[in-house]
Amino acid sequence: HYYMERADSLLSVSRVPDFEKIKTYLGIALSYATTETLHNAAIRRLNNIDLMLLLYRAEVAAGKGTMAAFKNAKRYLDNAASLKLDQAQTKMVNLKIETISNLIAALKAKKSKGTKNPAKKK
32 HYYMERADSL LSVSRVPDFE KIKTYLGIAL SYATTETLHN AAIRRLNNID
82 LMLLLYRAEV AAGKGTMAAF KNAKRYLDNA ASLKLDQAQT KMVNLKIETI
132 SNLIAALKAK KSKGTKNPAK KK
């Protein structure tokens, strides 16, 4: 319980929280969890941090708009989907995966259309 509170205290800072330190405290809390409730709470918090970081990385990658970046974004989202998520989180991640998959397909179609009909010189 002490380490869960330490992790929570790191969230109350005015700057960006130190997620690695938070994860360290949660990992320690996990090893000292004396009840299933405390164990599950630590796991849930660790998963939520991982989910948030993976979603952020996917957003940054997708924002680049290239095929390689979209594929990286999809990889981050696939990793997020493998976490133990609740129903709402699963739905959100699946929608993001679908969106990225559609963007990849659209970019592939655009590239194949561009190679089939090269622009004519005037």
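Numbering-wise, the working numbering comes out as the position in the sequence shown, counting from 1, plus 31. Where is the CB? At the ideal position from N, CA and C, for every residue including glycine.
Taking 8 angstroms as the cut-off, the Cβ atoms of F101 and I59 do not count as close. Taking one beta carbon from each stretch, the segment 107-124 and the segment 82-96 have 3 or more pairs nearer than 8 angstroms; the two touch. DSSP places S62 in the uninterrupted alpha helix (DSSP H) bounded by 50-63. Secondary structure at K95: coil, using DSSP grouped into helix, strand and coil. Going by beta carbons, K127 and A72 fall outside the 8 angstroms limit.
In the three-state DSSP reduction, K115 falls in the coil class, being neither helix nor strand.
Taking the Cα of L86 as reference, the smallest distance to any Cα among Y63, L57, T68, A112 is reached at A112.
Ranked by Cα distance from S62, the first of L41, S40, M35 is M35.
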